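Novice: Below you will find the structure I want to go over with you.
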Amino acid sequence: MKKEKRGRVLSKRGQVAIYVMVALVIIAGVIVIYFLYPDVVTGIIGGKETPQTFLKSEIEPSVKDSIEVLSKQGGYENPEGYIMYKGNRVKYLCYTSKYYEQCQVQQPMIRAKFEDELKNMIQLDVETAVDELIRTYEKRGYSVSSAANPTTNVEISSGKINVRIKAPMTFSKETTETFDEFNIEIKSKMYDLLMIATSIIDFESTYGDSETSLYIQYYPDLRIRKIKLGDGSTVYTVEDVITKESFMFASRSLVWPAGYGIYG
Numbered sequence: 002m003k004k005e006k007r008g009r010v011l012s013k014r015g016q017v018a019i020y021v022m023v024a025l026v027i028i029a030g031v032i033v034i035y036f037l038y039p040d041v042v043t044g045i046i047g048g049k050e051t052p053q054t055f056l057k058s059e060i061e062p063s064v065k066d067s068i069e070v071l072s073k074q075g076g077y078e079n080p081e082g083y084i085m086y087k088g089n090r091v092k093y094l095c096y097t098s099k100y101y102e103q104c105q106v107q108q109p110m111i112r113a114k115f116e117d118e119l120k121n122m123i124q125l126d127v128e129t130a131v132d133e134l135i136r137t138y139e140k141r142g143y144s145v146s147s148a149a150n151p152t153t154n155v156e157i158s159s160g161k162i163n164v165r166i167k168a169p170m171t172f173s174k175e176t177t178e179t180f181d182e183f184n185i186e187i188k189s190k191m192y193d194l195l196m197i198a199t200s201i202i203d204f205e206s207t208y209g210d211s212e213t214s215l216y217i218q219y220y221p222d223l224r225i226r227k228i229k230l231g232d233g234s235t236v237y238t239v240e241d242v243i244t245k246e247s248f249m250f251a252s253r254s255l256v257w258p259a260g261y262g263i264y265g
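In our numbering, the protein residues as written are 2 to 265.
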């Protein structure tokens with residue numbers, strides 16, 4: 002009898018231990034998700050999806066897809082003056098068609114150009130997402146009033162990409178809430194990659210080449226692939242080994258003719 006009672010006590014203790022472990026795992030999971038996706042968790046904990054979290058879920062995939070395209074083409078959606086490399090139209094950011102001469106910088110404002118191209122690529126998706134936001138909230142019983150078509154601004158800064166959507170609108174149901182703009186923040190190391198690309202282009206235009214090992218000393222998470230092609234072009238790929246983000250661009254500078262320096 003005592004053994005049965007003792008067995009039941011141990012069984013209950015085991016169940017309690019399991020419940021405690023499951024609870025700890027759930028809490029830990031929520032904490033991890035909060036730090037990775039704070040906007041989403043805030044919406045879940047608040048018991049409702051906010052216009053901010055709605056727009057982020059709609060637009061973030063478009064932003065990431067557009068970045069993927071731009072990062073393989075020197076920051077251009079439709080580049081001119083490029084070289085084909087592994088199926089990608091890699092933009093020359095520094096170029097000369099001549100021999101013995103340093104290249105001329107083709108795009109001195111690499112980051113600003115990337116921001117502008119990204120803004121243009123996602124604009125249609127932003128407009129679609131804002132329209133969908135209005136329709137969704139009207140179906141939920143809200144009265145929604147909005148101003149003109151939304152405008153988009155993209156800013157790439159250290160550790161993140163900010164997409165600011167100016168779309169003034171008012172949501173009314175039991176209470177009224179007004180928004181002037183929505184800010185979507187995406188974690189990214191693209192800023193560092195673009196700054197390093199700018200520095201490499203400065204070296205290419207000044208000295209005709211670059212010493213990529215210098216950057217590795219200061220950026221341990223960085224990997225730079227430098228591929229010399231037969232026509233004298235160089236294709237650079239600057240990559241963050243942690244996030245796997247990369248930026249690819251081309252240069253043609255201080256090229257020597259084939260056979261130069263070979264004497265019979």
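We put the CB at the ideal spot given by N, CA and C, even for glycine.
Keep in mind that this is a model prediction, so the values were computed, not measured.
One question on the structure: do F248 and S72 come within less than 7 Å of each other, judged by their Cβ atoms?
Specialist: yes
Novice: Flag this pair as yes or no: are the beta carbons of I166 and T153 separated by less than 7 Å?
Specialist: yes
Novice: Any idea what DSSP makes of I157, helix, strand or coil?
Specialist: strand
Novice: So is K245 buried or exposed if we call it buried at 16+ other beta carbons inside 10 Å?
Specialist: exposed
Novice: For I243, does the three-state DSSP call read helix, strand or coil?
Specialist: The three-state secondary structure of I243, taken from DSSP, is coil.
Novice: Less than 7 Å between the C-beta atoms of K161 and K188, yes or no?
Specialist: A Cβ-Cβ contact shorter than 7 Å links K161 with K188.
Novice: Using beta-carbon positions only, say whether Q105 and K92 come within less than 7 Å of one another.
Specialist: no
Novice: Spatial neighbours of W257 within its chain, please: C-beta separation below 8 Å, excluding the five flanking residues on both sides.
Specialist: Y100, Y101, G233
Novice: DSSP three-state label for M191, please.
Specialist: helix
Novice: Leaving out five residues on either side along the sequence, give the residues of the same chain with a beta carbon under 6 Å from the beta carbon of T238.
Specialist: R226, S247, M249
Novice: Please classify E240: is it buried, with 16 or more other beta-carbons within 10 angstroms of its beta-carbon, or exposed?
Specialist: buried
Novice: Between I60 and V155, how many whole angstroms is the CB-CB distance? I'm expecting something under 8 Å.
Specialist: Not confirmed; about 11 Å, so no contact.
Novice: Of all the options S214, T207, I123, which has the alpha carbon lying nearest to the alpha carbon of K65?
Specialist: I123
Novice: In angstroms with no decimal places, state the Cα-to-Cα distance between E149 and M170.
Specialist: Reading off the sequence, residue 149 comes out as Ala, not Glu. Distance between the alpha carbons of A149 and M170 is about 9 Å.
Novice: Find the nearest neighbour of G231 within the set M85, E78, V70, judged by alpha-carbon distance.
Specialist: M85
Novice: For A198, which residues of its own chain have a beta-carbon under 8 Å away from its beta-carbon, when the five flanking residues on both sides are left out?
Specialist: L94, I111, Y237, V239, F248, F250
Novice: Only counting the same chain, and skipping five residues up and downstream in sequence, which positions put a Cβ closer than 7 Å to that of E118?
Specialist: L71, G76, Y77, E78
Novice: Looking only at its chain, what residues have a beta carbon closer than 6 Å to the beta carbon of S63, apart from the 5 residues adjacent to it on each side?
Specialist: The residues are I123, D126.
Novice: Quick check on E205: does DSSP put it in helix, strand or coil?
Specialist: helix
Novice: Under a Cβ-count criterion, where at least 16 other Cβ atoms within 10 Å of its own Cβ denotes burial, should T235 be classed as buried or exposed?
Specialist: buried
Novice: Label R253 either buried or exposed according to how many other C-beta atoms from any shown protein chain fall within 10 Å of its C-beta, with 16 as the threshold for buried.
Specialist: By the 10 Å Cβ count, R253 comes out buried.
Novice: Assuming the contact rule is C-beta atoms closer than 8 Å, F183 and Q53 should be a hit. Round their C-beta distance to whole Å, please.
Specialist: 6 Å
Novice: Taking all protein chains shown into account, do 16 or more other C-beta atoms lie within 10 angstroms of the C-beta of T179, making it buried, or fewer, making it exposed?
Specialist: exposed
Novice: Could you give the distance in angstroms between the alpha-carbon of I45 and the alpha-carbon of L56?
Specialist: Low confidence applies here, because I45 scores a pLDDT of 38, under 50, leaving its location unreliable and the question unanswered by this model.
Novice: Closer than 7 Å by C-beta to Q107: which residues in its own chain qualify, once you throw out the five before and the five after it? Chain order, please.
Specialist: G82, Y93, L94, C95, Y96
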